[in-house]
Ligand code: HEM
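Numbering (the numbering used here), first residue to last: 16 to 417.
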């Protein structure tokens, strides 16, 4: 049974040096909605919420938030004006009703050429904003609500684009993800033939690959939910500080149909990114590794090079030597639980094994709960699904004479 952080004292976390223990202000990753959403939407004068429809989908509402708290980073300011422009347009669309109920001819959920072009735009965005981690978190939080015990779509949750709706963005676990949505909204606007559900997963997989991670064997064609009433209830994502982290991780990830190996491999995504106390309640406001960015400065990373995807997460959380690096209770347990530990030790030693298992687990995560049109999905990569690791050929490195 998961216990919220608010039930714990910081000293419960023996894995964290005292200076790293975070005040559980947001209470949990998966809970604490009230506190987190009150930070994001603290008052109507500071947060402006608006509905608008995108010409590119049948969705009717999307959150536009202009909040001094969550959008103060200069990295996001250009998009604020972009969103303001959209607000004007959408008011017209909503009042005219032109985009709400028109039946579209039968076609695949997303267009392969547009998916490829959108991927190029995502690469450009990554180069300028260094937003790899938050795009990965966006994809994970859309997919990670899946419940394998519910057969019906979209009640089963998962990768269906529901995270674009205000009601889900306000879940405590999703604090800060409105920034990720704002970052990719202009790409969504450009490609009417790409669903939100696909765009979230495309952005996440592209971010992993661009950060130096493995090629993810992705498929596309995810159908979007159409309204906020189709969002999952709050509380399906994991807490960072439950009383019994191993039990909690199993409860949440088994519900998604994932196993111990996949839990450990996917946790390796924390090789990228930072935790911010003003979002999740975890981590330091800044460290020597994050105070200068890139991207919006601050937060506490799990690794030194937090924009490079490699196996350093496993090495660092095993050693726990650097007070400037974060170890959540759910990270530490990967080296404490006997079953998790087998994989965590292996990944700390063998990056190739980690990359292989990560790529498979990530692809599986990205498909959870998704309804594909066409049912077999759309593959946009021509090459082999799995990038072949470069073979060591002695001759290539020889300085000797031929
Ligand atoms: C195992 C359970 C997990 C827990 C308890 C957890 C918890 C957290 C927390 C507390 C944060 C900090 C959020 C913030 O303050 O902005 C975070 C960030 C992040 N998480 Fe997880 N997470 C889990 C699994 C995953 C998985 C499966 C993935 C991806 C496959 C993932 C990817 C990320 C990334 C990339 C960030 C950095 C976001 C950024 O820098 O903006 N996490 N996670």
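Note that beta-carbon positions come from the ideal geometry of N, C-alpha and C, so glycine has one too.
Item to complete: Any chance you could list the beta strand (DSSP E) runs of at least 3 consecutive residues sitting entirely within the stretch 297-352, in chain order?
Response: none
Worksheet item: The alpha helix (DSSP H) with residue 389 in it runs from where to where?
Response: First-last for residue 389: undefined, no H or E at that position.
Worksheet item: Using DSSP with H/G/I as helix, E/B as strand and the rest coil, what is residue 393?
Response: strand
Worksheet item: Three or more beta-carbon pairs under 8 Å between the stretch 380-397 and the stretch 222-238, yes or no?
Response: yes
Worksheet entry | C-beta contact flag for residue 279 and residue 358 at 8 Å | yes
Practice prompt. Identify every residue that forms a DSSP beta bridge with residue 235.
Written response: 393
Discussion item. Assess contact between the stretch 148-158 and the stretch 282-293, defined as three or more Cβ pairs (one per stretch) separated by less than 8 Å. Is contact present?
Written reply: yes
Item to complete: Take the Cβ of residue 308 as the centre, count every other Cβ of all protein chains shown within 10 Å, and call the residue buried at 16 or more, exposed below.
Response: exposed
Worksheet item: Since residue 211 is in the alpha helix (DSSP H), which residue starts that stretch and which ends it?
Response: 211-225
Worksheet entry | Own chain, CB closer than 6 Å to residue 376, minus 5 neighbours either side, in chain order | 277, 280, 281
Discussion item. Out of 131, 201, 294, 256, which one is the CA nearest neighbour of residue 192?
Written reply: 294
Discussion item. For residue 224 and residue 230, I'd like the C-alpha separation in whole angstroms.
Written reply: 6 Å
Discussion item. Any heavy atom of the ligand HEM closer than 7 Å to the beta-carbon of residue 325?
Written reply: no
Worksheet entry | residue 200: first and last residue of the uninterrupted alpha helix (DSSP H) it sits in | 192-205
Discussion item. I'd like to check one pair, residue 221 with residue 332: are the Cβ atoms closer than 8 Å?
Written reply: no
Worksheet item: residue 296 and residue 341: beta carbons closer than 8 Å?
Response: no
Worksheet item: Helix, strand or coil: how does DSSP classify residue 259 here?
Response: coil
Discussion item. Using 8 Å for Cβ pairs, my map puts residue 249 next to residue 186. What's the rounded Cβ distance?
Written reply: 5 Å
Worksheet item: How about residue 196 and residue 140: do their beta carbons lie closer than 8 Å?
Response: no
Worksheet entry | Under the three-state DSSP convention, the category residue 132 falls into | helix
Worksheet item: Helix, strand or coil for residue 289 per DSSP?
Response: strand
Item to complete: May I ask you to report which of helix, strand or coil DSSP gives residue 373?
Response: helix
Worksheet item: Just reading off the alpha helix (DSSP H) that residue 186 is part of, what are its end residues?
Response: That residue, residue 186, is in no alpha helix (DSSP H); it is neither H nor E in DSSP.
Worksheet entry | Rounded Cβ spacing between residue 378 and residue 232 (contact assumed at less than 8 Å) | 5 Å
Discussion item. Given this structure, state the Cα-to-Cα distance separating residue 261 from residue 172, to the nearest angstrom.
Written reply: 23 Å
Fill in: Coarse secondary structure for residue 435, derived from DSSP in three states
Residue coverage of the chain in this structure runs from 16 to 417, which leaves residue 435 outside it and unanswerable.
Worksheet item: Which whole-angstrom value is the C-beta distance of residue 326 and residue 362, which I expect to be below 8 Å?
Response: 5 Å
Fill in: From 184, 128, 234, 354, residue whose alpha carbon lies closest to that of residue 391
234
Discussion item. Below 8 Å on the Cβ atoms is my contact criterion, and I expect residue 345 with residue 255 to pass it. Report the Cβ-Cβ distance as a whole number of Å.
Written reply: 5 Å
Fill in: Under the three-state DSSP convention, the category residue 170 falls into
coil
Worksheet item: Any heavy atom of the ligand PLP closer than 7 Å to the CB of residue 168?
Response: Looking at this structure, you won't find the ligand PLP anywhere; what it does contain is the ligand HEM.
Practice prompt. Taking residue 212 and residue 153 to be in contact with their CB atoms under 8 Å, please state how far apart those CB atoms are, rounded to whole angstroms.
Written response: No, residue 212 and residue 153 are not in contact; Cβ-Cβ is about 11 Å, not under 8 Å.
Practice prompt. Just tell me which of 310, 316, 292 has its CA closest to the CA of residue 302.
Written response: 316
Discussion item. With a threshold of 7 Å (Cβ to nearest heavy atom), would residue 262 be considered close to the ligand HEM?
Written reply: no
Discussion item. Please classify residue 207 as buried or exposed, where buried requires at least 16 neighbouring CB atoms within 10 angstroms.
Written reply: exposed
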